[in-house]
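Numbering follows my numbering, with no gaps: position 581 of the sequence shown is 582.
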Amino acid sequence: MSHPEEVRRRFDERRGVLVVIALALGVWLWVTVPLATGHRTFYYRDVFNVHLPLKAFGAEQLREGRIPALEPGRGLGQPFRGNPQAAAFYPSNLLYGLLPVWNAFNLHIALHWLLAFAAMALLARALGLDGAGSVVAALAYAGGGWTLTALSFHHIIAVTAWWPLVLWGGVRGQQSGVAVGGFACGMALLAGAPEIVALGFVPLAGLAIGRHGLARGAGIAAAIAGLGALVALPQIVAFLRILPFTFRSVMGAEGAAAGLYALSPLRLLELALPLPFGRPGDLGLQGFWSDAAMPRVPLVLSLYFGAPALALAVAGIRRAKGWAMLAGMGLLGACFGEPILAFVSGGLFRYPEKLLFWPALALPLVAAYGIGGALANPERFRTACRVGAGFALALAMTMFVAGERLLAPWTSLAGAAPAQATLLGTSAFFLAVLLLACGAAVERPSKVALAFAQLLALLFLGPLVMTDHTAPYRQPSPWAENLPAGAALVPAAADDPFRSGAAYQPQDSAVTSRLRLGARDLDRVPGVLRGYQYPLAADFDGLAVPNHTPLLLYLPTLPMAERASWLRRLGVDAVIALGDPPARGLRGEGTELRPGLPATLYAVEDPAPFLWWPQRVVAAQAADAFVHASRTLDPTATVTASEPIEQGNGTVREVSAEPDRIVFEVESDGGLVVVQRAYQPLYRARLVQEQSSGAPESADLRTLPVDLLLLGVDVPPGTHRVEVSISSDPEKAAAAGSFAILLGIVALAWPRRKTAQDER
2 MSHPEEVRRR FDERRGVLVV IALALGVWLW VTVPLATGHR TFYYRDVFNV
52 HLPLKAFGAE QLREGRIPAL EPGRGLGQPF RGNPQAAAFY PSNLLYGLLP
102 VWNAFNLHIA LHWLLAFAAM ALLARALGLD GAGSVVAALA YAGGGWTLTA
152 LSFHHIIAVT AWWPLVLWGG VRGQQSGVAV GGFACGMALL AGAPEIVALG
202 FVPLAGLAIG RHGLARGAGI AAAIAGLGAL VALPQIVAFL RILPFTFRSV
252 MGAEGAAAGL YALSPLRLLE LALPLPFGRP GDLGLQGFWS DAAMPRVPLV
302 LSLYFGAPAL ALAVAGIRRA KGWAMLAGMG LLGACFGEPI LAFVSGGLFR
352 YPEKLLFWPA LALPLVAAYG IGGALANPER FRTACRVGAG FALALAMTMF
402 VAGERLLAPW TSLAGAAPAQ ATLLGTSAFF LAVLLLACGA AVERPSKVAL
452 AFAQLLALLF LGPLVMTDHT APYRQPSPWA ENLPAGAALV PAAADDPFRS
502 GAAYQPQDSA VTSRLRLGAR DLDRVPGVLR GYQYPLAADF DGLAVPNHTP
552 LLLYLPTLPM AERASWLRRL GVDAVIALGD PPARGLRGEG TELRPGLPAT
602 LYAVEDPAPF LWWPQRVVAA QAADAFVHAS RTLDPTATVT ASEPIEQGNG
652 TVREVSAEPD RIVFEVESDG GLVVVQRAYQ PLYRARLVQE QSSGAPESAD
702 LRTLPVDLLL LGVDVPPGTH RVEVSISSDP EKAAAAGSFA ILLGIVALAW
752 PRRKTAQDER
C-alpha cells in the first residue's frame, strides 16, 4: 500500500504535468486560431511557393469530383496526382470541401503539429517512460528545430507527425500494434515525403528487433511497412505511372545537387543555442550571417530541441544507448555522409540534412530517459549544469564585450556583426539561466519543473513559426483589369525569362515584404487562387517532363525576338517584368513603381491558341528542334515534330478542356493538331465520333512531341471528333484495394473480447 506522502507527490506531479500540457496547448492555440480562421498563413519557403498552389488547384478539382493526373496551369501540365508533394489522396484534403483554401491549408499544418506532440508522448509512454518524461519528449520533438522547420513543408510535417505512431506500433508488436503502425505508415506515405519515410524505417527496424528479437521484430517491421504501402497504394501507383517520363528520372539529379544542404559542423552549436546564426525570416542584419556555417539557407533551420532537454540527453546516454547511437549517426551522416548517400541513391538523394530526422526522433527520447539518470545522481547533474552555465555566461560576456570584433571576419554582410553579437550574447545568457534552473529542479527534486523549463526554452525558437496576414494576398492585383480570365502569365519575380537580375528592394528586410510585392505582381500565390496559369513555372521537385527544365535554362540565352517567339508558342498572354527589359515582340500595358525599380506589364503579341493547325511540320529531335523552333518567328505556321508528318490543310475547334481530358473537332486533309499542353506519354488520343471518313469509330491516334515540349496529335483525313485523355483506372483499382485494407486494419485494431480460454 502506498504511503500517503507518496500518493500526494504523485498527484501533485500528475497535476503539474497537466498544467504544462495545458500551457503548451495554449501556445499551440495562440498560433493556430488565426490560421484556422484564415487571417494568417504559414509563408516560408516551399509551403508557400510549392505546396499552397498545389493544394489550391487540388481543392478546386476535388470540388469538381476529380483528382487529375496533371496540373495544366503549371508548366503546361506538370504531374499532380502522381506528385508525392501534392498529397492528392491524403485525408486532410476533405477539409477543402468544408473550408476555404487558406483555412484548410494552414489547419492541415497546425493539426499535424499537434499530432506530433501527442504521438511522441504515446511513444514515450509505450517505452515505459512516466508522464513527466513523456511530456519532455513530446515538447522536445514537437517544439524542436526539425518540427518547426517542417511547418514550412506541407508534406514533411505530416510524416513528422505520424512517424512516432509507426514506432509505437513497432514497440507494441501485437496485432493491434501492427495495424496502428501500418495505418500511420500509410498516412506518412500518402503525405508525400518518401525519402523521410525511408529514413524512418531504420529506427522502426531497430526498435522492433530490439524489443521482440530478430525474427519476430523484423517480421513486425516488415508487416508495418507492407501494410503502409498497401494503404498508400493509390499514391504509389500514380507516382510509378509518371516517374519514367520526368526530368529526375530521365536526366537524374545534378552531381553538385547530391551534396546540397550538407550540415556544417559549426552548426552543432545550435544544439545548445536556438538561433546562433540568425533568423531565417529576415534578410537583413538579423538574418543568417555566417557564410562559413551557412553558405545558403539550410534545409533544417535549427538543431535546437531545448537546453534542458540537451542537458537531460547527456545524462540519459547510458540509459538509451540505441537512441543515442541513432542520433549520432544522423548528425554524422548529415555532416559527412553525402558521398555515401549520392552513391546509394544514384545522386537522387540531394539533401544530407534530411538525416537529421534521426536525431529529431531520438534525442527527445534520450532526454526523457535522462530524467531518471539525473535524479539517480543529482549532484553530478547539478555540477554539470553549473559548469555548462559558466561556459554560457562566459560566452555571453564575450559577445557583449568583444562580439562585434570576433564575428566580423565570419560574415560578409556589412553591419551584421553588432546585431548578431547581441543576439548571440542574449541567447547564451538565457542558456545559463535555463541550465541553472535544471540543476535547481533536480535538487528539489521536481520533474514538473524540468518539463516547465523545457517549455520555456523552446519559446526561443518562436521565430521559426513564421506566419503572415493573408489580407495582402487576398487584395486584387493592379494588373488584373488588363488581363483576361485564366490568363497565362510569366511573373518575372519568380520565372524571369530575361535574367535581368532585377529584384525587389523593400525598405525592410523581412521575407514577407518581398512576398507581398510578388503577390501584387501576380506570382503563383495568389495567382493560382485567381485562376491564372504559369507555363514557365519552375520545376521544384524534378517531376516535370524532361524538356521543360532545359527550356527554362536556355530560354534566357536567346535573342529577345526568339524569346518572344517562345512566349507566343507557349501561349503566354502577359509578362510582369521588373526593371526595363527589351520589349521586342512585347507590348507595354502599364508601369507601376516598386521599391527601387519599376514593374511593367507586357502583353505578348498574338500568343498561340490552345489548339491550332500548323501550315508546315518539320521533323527534328532535341537540340535541333530547339534551334529550329527558336528561329521560327511565327510559331503557329511551322512547327517541329519528333517524327515526319505529311501536313495537309485543316481547321480545329475546341469542344471541351479539362485537366485530363480534351475534346476537339478537326476537319482536314490529315496531319498534326498542336495542343497547348506539355507532351506526356500518359495521354491517349482516339476518334470518339465518326462523321465523314471511313476510319473506324474509337480508333487510336498517335501522339508525339511538338516543338520540343508541346503535345501533337496525328489525325487522319476527314472530319472527326477527337478525345485526348489520361485514364485513372489504375489509381481507382488501387484505391479500391486500399479501402479494403483500411477495413482490415479496423478489424485488426478493434479490441477483442476475452474469451474464457484467454482468461485461463
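In this text, a Cβ means the ideal position worked out from N, Cα and C, and glycines have one as well.
For residue i, the first and last residue of its enclosing alpha helix (DSSP H)
i	result
Ala775	Given that the chain is displayed from residue 2 to residue 761, the structure contains no residue 775 and the question cannot be resolved.
His52	Premise fails: His52 is in no alpha helix (DSSP H) and is neither H nor E.
Gly201	195 to 213
Arg632	623 to 632
Pro560	Run containing Pro560: none; DSSP gives neither H nor E here.
Arg242	234 to 243
Asp730	730 to 750
Val251	248 to 252
Ala450	448 to 459
Thr527	This sequence places Pro at residue 527; Thr is not what is there. 525 to 528 is the span of the alpha helix (DSSP H), which, as asked, contains Pro527.
Leu96	Per DSSP, Leu96 belongs to no alpha helix (DSSP H) and is neither H nor E.
Gly338	Neither: Gly338 is in no alpha helix (DSSP H) and is coded neither H nor E.
Proximity of residue i and residue j at Cβ, strictly below 8 angstroms
i	j	result
Val28	Val449	no
Leu709	Ala630	yes
Leu598	Leu579	yes
Ala478	Leu523	One detail in the question is off: residue 478 reads as Ser in this sequence, not Ala. Contact flag set, yes.
Gly39	Asn104	yes
Gly74	Gln534	yes
Val179	Ala230	no
Gly738	Leu234	yes
Leu702	Val689	no
Ala138	Leu451	no
Arg387	Gly440	yes
Leu116	Ala37	no
Gly174	Ile210	no
Ala1	Leu140	Absent from the model: residue 1. The displayed extent of the chain is 2 to 761, so no value can be given.
Val716	Val656	no
Leu302	Leu112	no
Pro784	Leu77	It is not possible to answer for residue 784, since the shown part of the chain is limited to 2 through 761.
Residue i versus the options, residue with shortest Cα-Cα distance
i	options	result
Ala736	Arg217, Arg82, Arg588, Pro73	Arg82
Ala312	Tyr603, Ala385, Ala486	Ala385
Pro410	Ala294, Gly59, Trp480	Ala294
Phe154	Arg11, Leu264, Asp47	Asp47
Arg617	His549, Ser447, Asp635	Asp635
Gly66	Arg41, Gln86, Gly98	Gly98
Tyr680	Leu108, Ala642, Pro717	Ala642
Ile197	Ile157, Arg475, Arg217, Leu327	Ile157
Leu456	Arg387, Pro365, Leu425, Ala420	Pro365
Leu208	Ala486, Leu71, Met326, Ala489	Met326
Leu376	Arg387, Ser447, Gly391, Ser726	Ser447
Phe248	Ala143, His549, Phe740, His52	His549
Ile746	Cys186, Leu459, Pro54, Ala143	Cys186
Ala363	Met121, Ala222, Leu215	Met121
Pro204	Leu166, Gly519, Gly17	Leu166
Ser413	Gly651, Gly532, Pro296, Val402	Pro296
Gly338	Ser250, Arg320, Leu264	Leu264
Val32	Met252, His470, Thr161	His470
Element boundaries [beta strand (DSSP E), containing residue i]
i	result
Pro706	701 to 707
Arg585	From DSSP, Arg585 is part of no beta strand (DSSP E); its letter is neither H nor E.
Val491	490 to 492
Val573	Per DSSP, Val573 belongs to no beta strand (DSSP E) and is neither H nor E.
Thr652	651 to 659
Tyr603	598 to 605
Opposing strand residues paired with residue i [DSSP bridges]
i	result
Leu313	None; Leu313 has no bridge partner.
Gln79	Glu72
Gln534	Ala489
Trp613	Val675
Ala642	Ala620, Val707
Leu712	Val676, Pro706
Thr42	Asp469
Asp283	Ala511
Leu594	Pro599
Ser726	Arg662, Arg685
Gly589	Tyr603
> Quick one: complete alpha helix (DSSP H) runs, 4+ long, within the segment 126 to 177?
Replying inline: Within the segment 126 to 177, the complete alpha helix (DSSP H) runs of at least 4 residues are 132 to 143, 146 to 151, 155 to 173.
>> For a minimum of 4 consecutive residues, which ranges assigned as the alpha helix (DSSP H) are wholly contained in the segment 363 to 425?
In response: 379 to 408
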